[in-house]
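One structure is given below, encoded as structure tokens.
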Amino acid sequence: MRQKISPECLEVIFRLLPTNKDLHSCLLVCKYWATCVAPILWEAPFRISDSFTPSPKVIQTYLAFIPDNTKFSIRKSPLFDYPLFLKEFSYDRFVIAAIENGCDEGIIIELLKILSTRNTKLRRFQIFDHLFSEYLENNDEIASSILPYLSECTSIFNNLTYFNCSYQWPVEKVELFNLISNQCHYIEKIKVSVWYEDEGIALADLIRSQKHLKKFSLINSNIFASSPIQALVDQKRLSSVTFEDMHENQDLCDKEFFNYTICELNEDAINALVQRSNITKLKFRHCEGLNLPSFLPIADAFTNLISLEYSYGNNNINDSETPIKLLSGLIEGSCNTLKRILLDWHSDTHIDVTQLIKAIADHTINLEYLKIPLYTLEDLALILQAHNQLKKLELYIMNK
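For the sequence shown, counting from 1, position 181 maps to 179 in the numbering used here; every step adds exactly one.
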């Protein structure tokens, strides 16, 4: 008898295959291979292509797992226990796929219950994908009314490592935050939006309940995000913080459920943030208000940054408030550790970047990747003279 490769070895091999098409081919080799491939293919069935076309066939497969004692049951027996394989769950994509398949609210609730009864253990949970929002125009009420039923499926969150509840899709977040806080304590990455005081308090409790938080992204939030930022003070493993989409420029936003606001944190939140000296990656994307005096303590706080990113606008949208002083201070503070500085803004007027150029040229000794807009040949010469060891350099010559 030929000796079979162990399932563990096959899994490693299959995960190295470049496309799902290759995995589908492996399904047809033999039953043994199919048993090893199916869990990989069904880890993230709602992660769909860039066309964002819902996947009703996935829902049709899940319908077969509804118990026989319900009127929604389909008796055709599935080949595998597909819900058990689910590791990545995008809630809004799931709901829209179900609606596209003709499921009403009652059936969708039964589908959610399947996740608990089949012992599903999620690693990643995303409630709303802003790129998918076009499908929610006529169905957001259904999606919102079904969400509370997740409280009946609490066990699915026990192994969660990624939680994304960003942008202001009109749902009750407090109950969801409390649910995650009580059931899961090993989230490594949180990406979230806060717009109301009770949301901020609940999110702060969620953060405090975590033991291994490494990355935190605050998206499209207002002053009530100060509470969760304060809660970061005890996260000893935290290494990456991102602020994104906090601006008042309507031309810069193409997302549904977007609230216009500048980046704003109270003094206690800033003080908590500067105490996290172990942060190695800091990113600002499309944020206004960073020139406010309240943010200046951040400029001197971090001495171990490896990556610093700042971007605002595009070819048609200008940045009129580039935080040169803040960025320069961050660069000088992490002069021995910075390897990546990615700066990308657009302006139709001259911005004095002398302080920033000098900070990069005089204070960074291990820089490997630099992206920066420049205004003069003198700035270019200074950069090239100081950093001829760069592995990657992207320069944008701006108009004076």
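Ideal Cβ placement from N, Cα and C applies to all residues, glycine included.
By alpha-carbon positions, which one of the options ends up nearest to residue i?
i: residue 114; options: 142, 122, 151; result: 151
i: residue 162; options: 140, 228, 299, 122; result: 122
i: residue 388; options: 193, 364, 376, 396; result: 364
i: residue 338; options: 358, 345, 264; result: 358
i: residue 303; options: 309, 280, 158, 182; result: 280
i: residue 399; options: 41, 316, 271; result: The requested residue 399 does not occur in the structure, where the chain is confined to residues -1 to 398.
i: residue 79; options: 263, 94, 61, 382; result: 61
i: residue 184; options: 58, 205, 172, 270; result: 205
i: residue 340; options: 257, 390, 380, 318; result: 390
i: residue 27; options: 44, 43, 8; result: 8
i: residue 263; options: 271, 224, 244; result: 224
i: residue 94; options: 120, 140, 77; result: 140
i: residue 177; options: 153, 105, 189; result: 153
i: residue 207; options: 305, 383, 232; result: 232
i: residue 294; options: 171, 269, 309, 65; result: 269
i: residue 378; options: 366, 361, 352, 86; result: 352
i: residue 350; options: 343, 322, 342; result: 322
i: residue 89; options: 65, 143, 203, 100; result: 143
i: residue 116; options: 366, 81, 278; result: 81
i: residue 64; options: 271, 106, 197, 31; result: 106
Expressed to the nearest angstrom, what Euclidean distance is found between the alpha-carbon atoms of residue i and residue j?
i: residue 175; j: residue 371; result: 40 Å
i: residue 325; j: residue 216; result: 19 Å
i: residue 49; j: residue 246; result: For residue 49, the predicted structure reports a pLDDT of 49, less than 50, and the residue's modelled location is therefore unreliable. A value from the coordinates is still provided. Whole-angstrom Cα-Cα distance: 29 Å.
i: residue 265; j: residue 292; result: 7 Å
i: residue 368; j: residue 261; result: 25 Å
i: residue 463; j: residue 112; result: One cannot answer for residue 463 here, as it falls past the ends of the chain, which runs -1 to 398.
i: residue 108; j: residue 329; result: 53 Å
i: residue 327; j: residue 275; result: 15 Å
i: residue -1; j: residue 36; result: Low local confidence applies: a pLDDT of 38 at residue -1 is under 50, so the model's placement there is unreliable, with the coordinate-based value given in what follows. Answer to the nearest angstrom: the Cα atoms are 25 Å apart.
i: residue 96; j: residue 103; result: 9 Å
i: residue 146; j: residue 173; result: 8 Å
i: residue 180; j: residue 199; result: 14 Å
i: residue 396; j: residue 348; result: 8 Å
i: residue 241; j: residue 283; result: 6 Å
i: residue 10; j: residue 43; result: 20 Å
i: residue 238; j: residue 335; result: 15 Å
i: residue 376; j: residue 356; result: 11 Å
i: residue 19; j: residue 297; result: 48 Å
i: residue 226; j: residue 273; result: 14 Å
i: residue 486; j: residue 212; result: Residue coverage of the chain in this structure runs from -1 to 398, which leaves residue 486 outside it and unanswerable.
i: residue 360; j: residue 56; result: 56 Å
i: residue 189; j: residue 218; result: 11 Å
i: residue 77; j: residue 191; result: 40 Å
i: residue 383; j: residue 362; result: 13 Å
i: residue 230; j: residue 209; result: 11 Å
i: residue 251; j: residue 30; result: 49 Å
i: residue 41; j: residue 201; result: 27 Å
i: residue 169; j: residue 386; result: 52 Å
i: residue 248; j: residue 257; result: 10 Å
Less than 8 Å separating the Cβ of residue i from some heavy atom of the ligand GTP?
i: residue 211; result: Absent from the structure shown: the ligand GTP. Ligands present: none.
Quick one, are the C-beta atoms of residue i and residue j less than 9 Å apart?
i: residue 259; j: residue 314; result: no
i: residue 33; j: residue 84; result: no
i: residue 214; j: residue 182; result: no
i: residue 288; j: residue 319; result: yes
i: residue 157; j: residue 110; result: no
i: residue 126; j: residue 164; result: yes
i: residue 38; j: residue 21; result: yes
i: residue 45; j: residue 6; result: no
Using 10 angstroms around the beta-carbon of residue i, count the other beta-carbons present and answer buried if the total reaches 16, otherwise exposed.
i: residue 13; result: exposed
i: residue 235; result: exposed
i: residue 124; result: buried
i: residue 195; result: exposed
i: residue 311; result: buried
i: residue 228; result: buried
i: residue 171; result: buried
i: residue 243; result: buried
i: residue 99; result: buried
i: residue 23; result: exposed
i: residue 392; result: exposed
If residue i and residue j are in contact, beta carbons under 8 Å, what's the gap, nearest whole angstrom?
i: residue 332; j: residue 301; result: 6 Å
i: residue 342; j: residue 309; result: 4 Å
Residue i CB to nearest chain B CB: under 9 Å?
i: residue 155; result: In the structure shown, chain B does not exist; there is a single protein chain.
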